[in-house]
Structure formats: C-alpha cells, structure tokens
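Q:
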Amino acid sequence: MSRYERYDVTDEQWAGLAQVVPLRGRDEWPSRSDHRTDPREYEAAQRRFIVLRVQVFSDAREVADYLMGQTPVLLDLTGADTDVAKRILDFTSGVVFGLGSAMHRVDRNVFLLTPEGTEVDGTVETTDTFTRSVPRS
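Sequential numbering of the sequence shown, starting at 6, is according to the numbering used here.
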C-alpha cells in the first residue's frame, strides 16, 4: 500500500507534483527578522470606536460599513429630521440584526452599535423598540 493512497494519488503523480512544487523544510521558509507581536497594539485596536453624526439617509451606509468591519459605532441622530432619523434607525437596526450585532441606547437619539462579541459595561440601555427614542412630530 502506498503512503499516498489516502490522498487518491499514485506515487508517480506525487513525484511529478514534487518536481513542480519543490518541497521545503520548515527552516527554508523566509522569515521577517523584525516581526514582533505587541499585545498593547491589539488592545488599543479593540478599544477604538467611531462617532458618526448622521443627518441624511445616504450616510447610513457608512454605519453599515464600519459594523461589517467589526468597528463599534456611536450613532448620533440628534441633528437629523424626525422622518430621516426613523429611516436611518430602521436601516441600521436591520444591519445590526443581520450581522448579529447589538444596539444600545446611550441617550435620546444616540445609539451605540456594537459588533458581535463586543462587551458593553455600564448603564447603557439595550433597545428593543428602536423608534421609541425618536421624537414624534
């Protein structure tokens, strides 16, 4: 029985493949001598979030882009008209639901949108009814 039988490849095919792609030992792979891992850089990246003051619906796409990139967003809708704020909130709540993220109410018309796996400490209210905080006209 060939040692390559479990791969459904004959010895001749394997030898031909080795000629096309030369096999290297572990020490033969190039390595960067200046490669270092600094855990503080990773922690700093985890603490970063974006503040977006959205006033027009076309800017709501930017919120989705940051959330898809795993960056928390502090969404400020205080400067938006009531109808526009409702549309933006509807869109972002759909994005949050689709990504499995979370939406937390910080203040009236201010929301913290966090990617999946982000922990929020403090007295932030999680919203179930997203339009509740938008002033009615």
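Ideal Cβ positions, reconstructed from N, Cα and C, are used throughout, including at glycine. Because the structure is a prediction, the values reported are computed rather than measured.
DSSP three-state call for F116: helix, strand or coil?
A: Reduced to three states, the DSSP call for F116 is strand.
Q: To which residues of the same chain is F54 closer than 7 Å at the C-beta, ignoring the five residues directly before and after it?
A: Correct list, in chain order: T76, P77, V78, L79.
Q: What does DSSP give as the partner residues of D81 in its beta bridges?
A: Answer by DSSP bridge pairing, in chain order: R58, V115.
Q: Thinking just about the alpha-carbon of each residue, which of V100, M73, L94 is nearest to the one in L82?
A: Nearest option by C-alpha distance: L94.
Q: Below 8 Å on the Cβ atoms is my contact criterion, and I expect L117 with V101 to pass it. Report the Cβ-Cβ distance as a whole number of Å.
A: About 11 Å separates the two Cβ atoms, so there is no contact after all.
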